[in-house]
Each structure stands twice: as C-alpha cells, then as structure tokens.
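Under the numbering used here, the letters of the sequence shown match residues 1499 to 1884, in that order. All remarks here apply to the structure that follows.
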Amino acid sequence: MDKAQDKLRVGLTEAGKVYLQGVAFVVLASLVVPAFGALAILAAVCVVAFAVGFVLRPRIRVTGNLPDRVPAGQTTHLAYTIENTGRLTAYSLSARFAALPEAVEQVGPPQTIGRLMPGETAQITLAIRPRRRGCHQIGLPICESSFPFNLLRIGTMQAESHTLLVLPAFFRLRVSLHYRSRHVNTSSQRSSGRSGDTPEYIGSRPFMSGDSPRRIDVRAWARLAAPATKEYDDDFDDYAAFVLDTRMPEDRPRSKSGQIVELEAAVSLCASVAYSIREDCLIDLLLAGARRHEFTAYPKGTRLERIHEILAGIEPSEDYAIDQIGPLLEDRLQEISEIVFIVLRWDPMYQRLAEWAQRAGCHTTVVVIGRPDASAFAQDWAGDIR
C-alpha cells in the first residue's frame, strides 16, 4: 500500500469531549473570575496531547479479506490482521470502521490493543450488520492511538476498499408445491441438475420410430448391422421458475434506509422460496421484471447462489407490457413443472401469464405482496393465489 494514499485522521475520544467541555466551562468562568492560569494549563495539556500523539502516531498496516457474500440483517464477523510497520511501539490502539456505507453498521465497540511492538502483528475481529441488500464498498478499518492522555485519536486510514455483496434476507419456509416431474430432452447440452453433470450414457438399443436422429449410435450400427440409438439416463427432474414483479412508481415512498418495503418483501420472499425448494426442485429460470435469467448451464449446487446474487441487485423498474415479458416466458413453459409468481399487484397482465403457465401443464402458485384488494382480480382465477 502506498503511504501517500493513507489519510491522517484526528478525532476526540469520549474523554476528550468531556475535557473539551471542561475547557469551555473554564473559558466562561474566566470572564467572571481570574482563571487564566488554569486555562493555560488545560490548553497546554491539549497541545502536548496532540504533539506527542502526532509524533508517535501509529504506522499500522491492515490486511484482510471480506467474505464473498453475506445475508442482509445478520451480524457478520470480519477478521483482520494488523501489523506495526513503524520503528516505535504503538500504544493504546483501537480498531474501528471510520466510514461505512449508510446501509451497513458496525456492531459493538471498537477493539482495543494495549501495545504493539515494531514488526509485531495481532488479529482483530470486527462485527458489522448490513441492513440492505446490494453491493457495498467497505474500506479497511482504521487503527488509532489515544496515547498519551486518551484525549485524541490519531491514526491513518488506508484507501483500499473491497466490495461486499449483501444477499436479500431469506428463511426456510414450508412451501407446498406439487413437484410434477416433466421429461426434459437430455440429448441437448443441458446439465443434469441432480448430479450437476451432463446426462449419463448408459448404452445403446435398437432404433425405434420417433427417436431423434441425433442419438443414432454409429459404432453400434456398424457392429450390429442394424440401426441403433444411444440411451441416456433420462432426466425427470422437477424444474421450477420464478416470476418476480418489480414495477414501482417513481414517487413511491421509501423508508429511512431508502428501501421500498413491498419490493424488499417480494425479493426476500423469492430468495426464501428458492432456498426452501432447492433440494426438491431445480430452479431453471427467473423472470425479474422484464429481464430473464436462465440457469440451465449451472450445476445444481451453484444455482441457488447465482439466484441470490441476481436478487441482491434487483432494482425497481418502470411499467412494462405483456408484449415485453410474454415471449421471455412462453417459450420455456413446456420444460417447467413448477412456477411461482410473486407480484406486487395482481392485474390482468400477470393473470394472463399465469393462465399460459397452467395451460402448459405447470403447477402455478401466485403470491401477492401487500395488496389487500388483489382478490378483485382473482374472481376468474382458479389457480393457487395467496
């Protein structure tokens, strides 16, 4: 780390704030009674504290790596290594985050170290709690010294920062899905979700009417002098899809942290359902607003992580029409067995999409977020709506 990039920070400790208030009281008292001697002594203590602290300021190098991802609302402990790179011993050290994003807060008091010899290292652990999903820049913690009188905190802050991916809050839910298995053409390069590999070749058999020409086994044909086709371990997995409504007007009120409550609830519910059904279904598609995300090429073990990463970056979108999102979903319905609609408002557009899914043979579940009047649109809807 280039020292020129380090930034010197000077601040008051809690004791220093009380001391400064005492100095201000003496200044006011000196207007009534002679107290210039006491005032000069108090000012001299401040000057000595700053001068000694500045000369003996710690030269600390902080290293550490953030976790790949953390869930929102949960306390995460971050481990760092601090090293005294100066020639002098550092006294009365405290480590804390000097500047965190608004959506991330430090939990607990700063960690203190009484003394750190030159070249010596120490391990520290700081706890943070992200309040909102998304990508946040987290800088390295700053190590400050309150030596000699515990009045001032003096330290240098490194300019290096890391990106912290905060996933939406998710929980295990009791999800009642029908888990209808549907045959998927394994002659393609589609990964088998349960094993995470391509479909397994198990042998050959005589060619029958209706078999795909792509599966013709040329070697077996030459050996048997009769047409033969390759036989694979057929994939009868339960493929699931999510349709997430992200429509929000620009003037929608937000919370103090800048969140839209309904959208955050929808994203969190989508993440929770995906987490809850990960062992029983293979999540193959996520239609978030007008953007389609496919997970066909991902093994089963990594699909949930990828889904949560996408949900972490979901933002409110403008209104869109069925002509925009209909084609994104319609061509995949024949391969989907379970589809869950998580909508902010149940309107004819999403009702039409749900009807398409039902006609294609998908078990369809609709969840409406925060709309007590949604039942008005459900009169002609015979599916599962919650």
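Don't be surprised by glycine CBs; every beta carbon is placed ideally from N, CA and C. The model shown is predicted, which means the values in this text are computed figures rather than measured ones.
- With fewer than 16 other beta carbons inside 10 angstroms of its own, M1706 counts as exposed.
- DSSP assignment within the region 1559 to 1598 yields the following whole beta strand (DSSP E) runs of 3 residues or more, N-terminal first: 1567 to 1569, 1574 to 1582, 1588 to 1594.
- The residue among A1810, T1587, T1744 with its C-alpha nearest the C-alpha of P1628 is A1810.
- Here V1841 is bridged, per DSSP, to V1866.
- Comparing C-alpha distances from E1603 to each of I1539, A1588, Q1635, A1819 shows the shortest one belongs to Q1635.
- Spatial neighbours of N1648 in its own chain (CB-CB distance under 8 Å, excluding positions within 5 residues in sequence) are listed in chain order as T1511, A1513, G1514, S1590.
- Nearest neighbour of H1660 by Cα position, chosen from V1545, D1566, E1836, V1741, turns out to be D1566.
- Per DSSP, the beta bridge partners of V1602 are P1628.
- Between A1547 and L1650, the gap from beta carbon to beta carbon is short of 7 Å.
- Close CB contacts of F1645 within its chain, under the 7 Å cut and outside five residues either way in sequence, are with G1551, L1554, Y1589, S1590 (chain order).
- Rounded to the nearest whole angstrom, the CA to CA distance from I1611 to S1643 is 9 Å.
- For V1550, the enclosing alpha helix (DSSP H) starts and ends at 1534 to 1553.
- The distance from the Cβ of L1586 to that of C1633 is about 39 Å, inconsistent with a contact at the 8 Å cut-off.
- Beyond the five residues adjoining it in sequence on each side, T1623 comes within less than 8 Å, by CB distance, of H1575, L1576, A1577, Y1578, Q1609 in the same chain, given in chain order.
- Taking each of I1580, C1768, L1742 in turn and checking the Cα distance to R1594, the smallest one comes out for I1580.
- Annotated as distal: I1805 and A1855, with beta-carbon spacing of 7 Å or more.
- Put simply, the backbone Cα of R1801 is about 17 Å away from that of V1568.
- The DSSP-derived three-state label of V1531 is coil.
- Between the beta-carbon of T1727 and that of S1702 there is about 6 Å, and that keeps the pair under the 8 Å contact cut.
- With respect to the 7 Å criterion, P1666 and A1542 are not classified as neighbours on the basis of their beta carbons.
- When the five nearest sequence neighbours on each side are left out, the beta carbons in the same chain lying within less than 7 Å of the beta carbon of P1639 are those of V1560, Y1578, A1593, R1594, F1595, L1624, in order along the chain.
- Distance from the Cα of D1817 is smallest, within the candidate group P1846, A1852, T1744, for T1744.
- Annotated as distal: I1775 and H1791, with beta-carbon spacing of 7 Å or more.
- If you draw a straight line from the Cα of S1815 to the Cα of R1789, it is about 10 Å long.
- For C1768 against F1793, the beta-carbon gap comes to about 14 Å, at or over 8 Å, which does not count as contact.
- A direct Cα-Cα distance of roughly 5 Å separates L1742 from A1786.
- CA-to-CA, the gap between D1821 and E1762 works out to about 26 Å.
- Here C1860 carries a coil assignment [DSSP, helix/strand/coil].
- Looking from the CA of V1865, the closest CA among L1842, R1857, A1657, G1859 belongs to L1842.
- Here the C-alpha atom of F1839 lies approximately 23 Å from the C-alpha atom of G1799.
- Within the same chain, and ignoring the five residues on either side of F1669 in sequence, the residues whose Cβ sits closer than 6 Å to its Cβ are S1770.
- Runs of beta strand (DSSP E) with 3 or more residues, each lying fully within the region 1756 to 1819, are found at 1780 to 1786, 1789 to 1792, listed in chain order.
- Inter-residue distance for C1641 and Q1621 is about 12 Å (C-alpha atoms, whole angstroms).
- In the three-state reduction of the DSSP assignment, M1706 falls in the coil class.
- At the C-beta level, A1536 and V1524 come within 7 Å of one another.
- Looking at the DSSP output, G1509 bridges to R1651.
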